[in-house]
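So the mapping is simple: the working numbering equals the position in the sequence shown, first residue as 1, plus 955. So the structure is just underneath, and the comments pick up after that.
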Amino acid sequence: MAVNLTANAIPAIINGDVDAKPLVQVLDIATIQSTKNSQTERFRLLLSDSVSSHHAMLAAQLNEKVKTGRFKKGT
(Lines of atoms letter the chains of each structure in order from A and count residues from 1; the text may use other names and numbers.)
(Lines give C-alpha, C1' and ligand atoms only; values in the text may rest on other atoms or scores of the structure.)
Protein backbone atom coordinates (compact mmCIF):
# COMPACT_ATOMS: atom_id res chain seq x y z
CA MET A 1 0.00 0.00 0.00
CA ALA A 2 1.54 3.29 -1.10
CA VAL A 3 1.45 6.14 1.37
CA ASN A 4 1.84 9.79 0.44
CA LEU A 5 3.94 11.60 3.02
CA THR A 6 3.35 15.31 3.52
CA ALA A 7 6.26 16.88 1.63
CA ASN A 8 7.97 19.73 3.50
CA ALA A 9 6.00 19.03 6.68
CA ILE A 10 9.12 18.98 8.86
CA PRO A 11 10.23 22.56 8.06
CA ALA A 12 6.63 23.70 8.56
CA ILE A 13 6.49 22.06 12.00
CA ILE A 14 9.87 23.54 12.96
CA ASN A 15 8.59 26.97 11.90
CA GLY A 16 5.62 26.66 14.24
CA ASP A 17 2.78 25.34 12.06
CA VAL A 18 0.61 23.58 14.64
CA ASP A 19 -2.59 23.45 12.58
CA ALA A 20 -1.45 20.95 9.95
CA LYS A 21 -1.93 17.21 10.35
CA PRO A 22 1.10 15.99 8.40
CA LEU A 23 1.92 12.41 7.57
CA VAL A 24 5.57 11.62 8.27
CA GLN A 25 7.53 8.37 8.47
CA VAL A 26 9.65 7.00 11.32
CA LEU A 27 13.00 6.05 9.78
CA ASP A 28 14.71 5.06 13.02
CA ILE A 29 14.12 4.75 16.76
CA ALA A 30 16.99 4.84 19.24
CA THR A 31 16.89 4.38 22.99
CA ILE A 32 18.62 7.24 24.78
CA GLN A 33 20.62 6.54 27.94
CA SER A 34 18.87 8.20 30.85
CA THR A 35 20.68 10.52 33.20
CA LYS A 36 21.87 9.24 36.57
CA ASN A 37 18.88 10.78 38.35
CA SER A 38 16.23 9.60 35.90
CA GLN A 39 14.60 6.20 35.66
CA THR A 40 12.56 7.27 32.61
CA GLU A 41 13.43 5.61 29.33
CA ARG A 42 13.66 8.04 26.39
CA PHE A 43 13.49 7.50 22.65
CA ARG A 44 14.95 9.53 19.78
CA LEU A 45 13.11 9.28 16.46
CA LEU A 46 14.39 10.04 12.99
CA LEU A 47 11.41 11.38 11.05
CA SER A 48 11.05 11.98 7.31
CA ASP A 49 8.50 13.84 5.19
CA SER A 50 10.04 12.50 1.92
CA VAL A 51 11.97 15.76 1.41
CA SER A 52 13.50 16.49 4.82
CA SER A 53 14.45 14.44 7.84
CA HIS A 54 14.90 15.48 11.45
CA HIS A 55 15.67 13.89 14.82
CA ALA A 56 13.07 14.35 17.55
CA MET A 57 12.81 13.30 21.19
CA LEU A 58 9.63 11.45 22.01
CA ALA A 59 7.76 12.75 25.06
CA ALA A 60 8.01 10.22 27.87
CA GLN A 61 4.21 10.06 28.00
CA LEU A 62 4.30 8.47 24.52
CA ASN A 63 6.86 5.74 25.33
CA GLU A 64 4.09 3.15 25.35
CA LYS A 65 3.55 3.78 21.61
CA VAL A 66 7.09 2.51 20.97
CA LYS A 67 6.81 -0.38 23.41
CA THR A 68 3.54 -1.64 21.86
CA GLY A 69 4.80 -1.24 18.28
CA ARG A 70 2.45 1.62 17.35
CA PHE A 71 5.59 3.66 16.53
CA LYS A 72 8.23 1.56 14.78
CA LYS A 73 10.74 1.85 11.95
CA GLY A 74 9.05 2.27 8.61
CA THR A 75 5.72 3.47 9.97
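Yeah, the Cβ is synthetic: ideal placement off N, Cα and C, and Gly gets one too.
Please confirm whether arginine 999 and histidine 1010 have their CB atoms less than 7 Å apart. yes
Cβ-based neighbour list, lysine 1028, same chain, cut-off 8 Å, excluding 5 preceding and 5 following: Contacts found: Val981, Leu982, Asp983 and Ile984.
The alpha helix (DSSP H) spanning valine 1021 covers which residue range? 1018-1022
Return the residue from the list Gln994, Phe1026 and Asp974 that minimises the CA-CA distance to leucine 1001. Phe1026
According to DSSP, simplified to helix, strand and coil, what is isoleucine 985? Here residue 985 is alanine; the residue named in the question, isoleucine, does not match the sequence. Note: alanine 985 maps to strand in three-state DSSP.
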